[in-house]
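Down below is the structure, laid out as structure tokens.
There are 2 protein chains.
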Amino acid sequence: MNVTGHTRRPASIRDVATAAGVSYQTVSRVINGHPSVKPSTRERVLAAIDELGFRRNATALALASGRTRAVTVLTANTTHYGYASILQGIEEAARAASYAVGIGVLESADEAAVAAEVQRAADAGGGLIVIAYDPAGVRALGAVPAELPVVGVVETPATPPDPGHPWVWADDREAAYQATRHLLALGHETVHYVAIPSSTRRTSARTTGWRQALKEAGAPEPRPVQGSWGPAGGHAAGRRLAKDPAVTAILCGNDDLALGVLRALHESGRSVPGEVSVAGFDDAPHSAYLTPSLTTVRLDFTGLGRSAFALLHGVLEESARIAPHPVSVPELVVRESSGPPPAHD
Amino acid sequence: MNVTGHTRRPASIRDVATAAGVSYQTVSRVINGHPSVKPSTRERVLAAIDELGFRRNATALALASGRTRAVTVLTANTTHYGYASILQGIEEAARAASYAVGIGVLESADEAAVAAEVQRAADAGGGLIVIAYDPAGVRALGAVPAELPVVGVVETPATPPDPGHPWVWADDREAAYQATRHLLALGHETVHYVAIPSSTRRTSARTTGWRQALKEAGAPEPRPVQGSWGPAGGHAAGRRLAKDPAVTAILCGNDDLALGVLRALHESGRSVPGEVSVAGFDDAPHSAYLTPSLTTVRLDFTGLGRSAFALLHGVLEESARIAPHPVSVPELVVRESSGPPPAHD
DNA sequence: GCGCCTTGTGTGACCGGTCACATTCATGCC
DNA sequence: GGCATGAATGTGACCGGTCACACAAGGCGC
């Protein structure tokens, strides 16, 4: 119990040492669990630590040893459900491993801005996790200097990445494949796709899965409609699709886009799922409560975040390396927004 | 340009010093903008800095000077729209001031767990921002040792807080007041309220605003229905309210609750806004795209986050103290979910 | 009884910065 | 000319830990 008034600076190992009548090095040994310390000495030191309320200074530890026990998450956004959930998952795992979690937002995808953010993150020391679902994130992941430990949370890669690239991903492609097959199985001639902005120039994993399902079913492949991330983009895309009476099934790159599409269909007087079926992606918490409730594919973002941290943890400390890429399995959730196409054709 | 291979450890001020032919202290002076350095010397040092790609080591800076330039945000959740937006606002302002942002999630409101999280945050050094909208946050804010610089993001306090308590808030009470008056002005006899969990034992600010509007209008005051944070809670509350034919207007503690209420009304066959009007709180991005689109009160969470950081920044560095509590003004957004009560009565 | 290994502990340097103070030299003033 | 003043720079200690090494005491083999 420390009853002295005054804001005194926190106790250091030397304070503890004098209080326990040992050298500071012995204190260091005790707090690091070094074996060769006499039990009676250890007791005395522990008592002194308790008495003075000693806590090891993280800054000094980092400076002296290089071990930082910190991770910085680089992301373009913190408010989108998927991003926020990944962050939450990372924090959860990091907390369990008593790592500190820092966050840097990539406000612009501009080359220089991204580089500056990466630098800032590097300055923080410790490892990096980059959420690379969008151009800013992808660019950031590419801009990380090779000597920095980094894990990327990415879209399903087209080909297995080099072992030198520690990446995690949810199986986007499989998820899109499942959702598309679900819609086709209901009897729709084809499925239109409202895409999220692709993270790279190349086609996104979600698009690939959708395309694959269409191809297997011999369904015609309409041009994907480019959306944005939020419901506004879905709304705009939905307006265009609503005009075409041939459109009876729409897969959306995420639940927010789907929401916008639903709204646009409603405004155009086209009923869901009577005339048009809609499926989303992610299973955001509100999707189950929409009217009509949204058919979607659930991705375990929190788990993905945990995996990302686990992978980074493995890179930073040689203990407990995990399996190469722990991919979580997407789960189709069928709700009200999907059904058979209108009877007549 | 550093073309040497090998992962060499980053250049320190002494490396720069020898490269420039000066002492390390002179380098320190240059990077800190100390006035009395001969221009020619400064030039040489800057050139060396550039050449070696020197970056000041944040850890060493923190250890030696005590200045940490970091802020840790303590929050119960990162995925809810309001929380995530506040975080985004804090990060934005912190980035502008080149502060690092850390995050700690209060997974449980349990006394010991909260205390541990606060300790962890304290270990990170720098300032603290606690989002205290819920029991876990409130408890955390209370558990912060007095000597730590901390800013609370709180509900509108009932009475002006002591100057010793640097807090920021959006005007919840005014927002609830506005929304309630809007519904009453449409002709509803009274307005029912589905509450978010109160952060404290005492009545929440939102409840107070609602109550005040009812009282001023001489409307009867129904018992508030206790909800949770997510749509599920709203759904449960909505089910109960839907059974009572006297209920024609419902104000919800946030947009997620409102979503659940809308869904429950729909399931009970009560039309919105024909039979029942619903208003939310926060103006989450999806609220405008619901069917019916949601009448709500927009709160500037991002701005609130920026204010929180600005206040903390003022506490940490004596430069540029800001006005006591910069309260952002809520804005009523009227959409489809509110309208006059059913004609007959 | 000597050397040697193991156990328990202490000493000094170091991580990369900052701070307080000392030093040098040019200048201005009386 | 002597001396205070200020500009420009350097030196040593320090922040709070860790690391490499030294060293004393005790047990064991021969």
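As given, the protein sequences belong to chains A and B, one line each in that order. Heads up, the first sequence is in the UniProt record's numbering, so the first residue is 1 and it goes up one at a time. Heads up, the second sequence is in the UniProt record's numbering, so the first residue is 1 and it goes up one at a time. Think of the CB as a built atom: it goes at the ideal place given N, C-alpha and C, for glycine as much as any other residue.
Here A:Thr295 is not near A:Val276, since their CB atoms are 9 Å or more apart.
Scanning its chain for C-beta atoms nearer than 7 Å, with the 5 sequence neighbours on each side dropped, one finds around B:Val272 the residues Leu262, Leu265, Val278, Pro292, Ser337, in chain order. With fewer than 16 other Cβ atoms from the protein chains shown falling within 10 Å of its own Cβ, A:His165 counts as exposed.
If you check the CB distance, A:Ala176 and A:Leu251 come in under 9 Å. With distances taken between CA atoms, B:Ala124 lies nearest to B:Thr59 out of B:Arg211, B:Thr59, B:Ala113, B:Gln212. For the stretch 92-110 of chain B, the set of residues with a beta-carbon nearer than 9 Å to any beta-carbon of chain A comprises Glu92, Arg95, Ser98, Ala100, Val101, Gly102, Ile103, Gly104, Val105, Glu107, in chain order. Residue contact with chain A for B:Glu275: absent (no Cβ-Cβ distance below 9 Å to any residue of chain A). For B:Ala310, no beta strand (DSSP E) encloses it; the enclosing alpha helix (DSSP H) starts and ends at 301-316. Under the Cβ distance rule, B:Pro197 does not count among the residues neighbouring chain A, no pair being separated by less than 9 Å. By the Cβ neighbour-count rule, B:Asp110 is exposed, with fewer than 16 other Cβ atoms within 10 Å of its own.
It is roughly 11 Å from the alpha-carbon of B:Gly303 to the alpha-carbon of B:Val168. In the structure shown, the three-state DSSP call for A:Asp282 is strand. Listed in chain order, the positions of the stretch 238-263 of chain A with a beta carbon within less than 8 Å of a beta carbon of chain B are Asp256, Leu259, Gly260, Leu262, Arg263.
In this structure, A:Gly82 is the residue among A:Arg44, A:Gly82, A:Phe54 with its C-alpha nearest to the C-alpha of A:Val297. Around the beta carbon of A:Gly89, a 10 Å sphere encloses 16 or more other beta carbons of the protein chains shown; the residue is thus reported as buried. By the beta-carbon neighbour count (other beta carbons within 10 angstroms, threshold 16), A:Ser65 is exposed.
For the stretch 167-186 of chain A, the set of residues with a beta-carbon nearer than 8 Å to any beta-carbon of chain B is empty. Contact holds between the stretch 141-155 of chain B and the stretch 126-133 of chain B, because three or more Cβ pairs, one in each stretch, are under 8 Å apart. Nearest C-alpha to B:Ala232 among A:Ala288, A:His188, A:Asp50: A:Ala288. The residues Ile196, Phe281, Asp282, in chain order, have a CB closer than 6 Å to that of A:Asn254 in the same chain once the five nearest residues on each side in sequence are set aside. In this structure, DSSP gives B:Gly127 an extended state, which the three-state scheme calls strand.
Boundaries around B:Glu43 are those of the alpha helix (DSSP H), 39-52, since no beta strand (DSSP E) includes it. Neighbours of A:Ala84 in chain B, taken as residues whose beta carbon is under 8 Å from its own, are Thr78, Thr79, Ala84 in chain order.
For A:Leu290, the nearest CB of chain B lies under 9 Å from its own CB, placing it at the interface with that chain. Listed along the chain, the chain B residues whose CB falls inside 8 Å of the CB of A:Pro231 are Pro285, His286, Ala288, Tyr289. Note on geometry: alpha-carbon atoms of A:Arg29 and A:Arg306 lie some 32 Å from one another. Residues are counted here when their Cβ sits less than 8 Å from a Cβ of chain A; for the stretch 201-221 of chain B the count is zero.
The three-state secondary structure of A:His165, taken from DSSP, is coil. In its chain, beyond the 5 residues on either side, His192, Tyr193, Val194, Ala195, Ala237, Arg240, Leu241 have a beta carbon closer than 8 Å to the beta carbon of A:Val225. In the DSSP assignment, B:Ser277 is bridged to B:Ala249.
Nearest in C-alpha terms to A:Asp300, of all of A:Val153, A:Gly21, A:Ala94, A:Thr18, is A:Val153. For A:Val297, the beta-bridge partners assigned by DSSP are A:Leu332. Residues of the UniProt domain "HTH lacI-type" (11-65) of chain A whose Cβ lies closer than 7 Å to any Cβ of chain B, in chain order: Arg55, Ala58, Thr59, Ala60, Ala62, Leu63.
Apart from the 5 residues on each side of it in sequence, B:Pro220 sits with its Cβ closer than 8 Å to the Cβ of Glu189, Thr190, Leu214 in its chain, given in chain order. Taking 9 Å as the cut-off, the Cβ atoms of A:Thr75 and A:Val22 do not count as close. Of the residues assessed, B:Thr207 falls on the buried side of the cut-off, its CB having 16 or more other CB atoms within 10 angstroms.
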